[in-house]
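Notes follow the structure.
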């Protein structure tokens, strides 16, 4: 007769997790973005940290380091110049000159805004300021 009766049950675990972790949108659970999933790897109950939906703009800076150089000093310079527009600063390459023994580092700076796409011109200006401040404050020699 085509008349069948059925029941569907769901636990609504996503809704519970939204409340527990302060997740604003249920669609984030189906995202493939690692920035979402990596926040909940450790098993601890942590509050969701929003992340930008806009693309990053990556810039590299390479320089010869003085003897007393610390990567945290570069992080501080970058944050002072670009503030919240800096998402990450990471060492991507090191090279020791075979004759002089001098160390060269290359760092990748990831610029990203939470509320808009950054223009290349805007990021180029920030990167130029970072380069100037690194030379001025850290006594590095740009490559």
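Numbering (our numbering), first residue to last: 967 to 1109. All residues carry an ideal CB built from backbone N, CA and C; glycine is no exception.
CB contact below 7 Å: residue i versus chain C
| i | result |
| --- | --- |
| residue 1057 | The structure shown contains no chain C; it is built from a single protein chain. |
Short Cβ contact (7 Å threshold) for residue i with residue j
| i | j | result |
| --- | --- | --- |
| residue 1083 | residue 1022 | no |
| residue 1074 | residue 1056 | yes |
| residue 1007 | residue 1044 | no |
| residue 989 | residue 1014 | yes |
| residue 1060 | residue 1071 | yes |
| residue 1051 | residue 1062 | no |
Rounded separation between residue i and residue j - CA only
| i | j | result |
| --- | --- | --- |
| residue 1067 | residue 1105 | 17 Å |
| residue 995 | residue 1009 | 16 Å |
| residue 980 | residue 1017 | 19 Å |
| residue 1025 | residue 999 | 22 Å |
| residue 1042 | residue 1005 | 24 Å |
Classification of residue i by the beta-carbon crowding that lies within 10 angstroms, buried from 16 upward
| i | result |
| --- | --- |
| residue 1048 | buried |
| residue 1011 | exposed |
Residue i, DSSP secondary structure in three states
| i | result |
| --- | --- |
| residue 1090 | helix |
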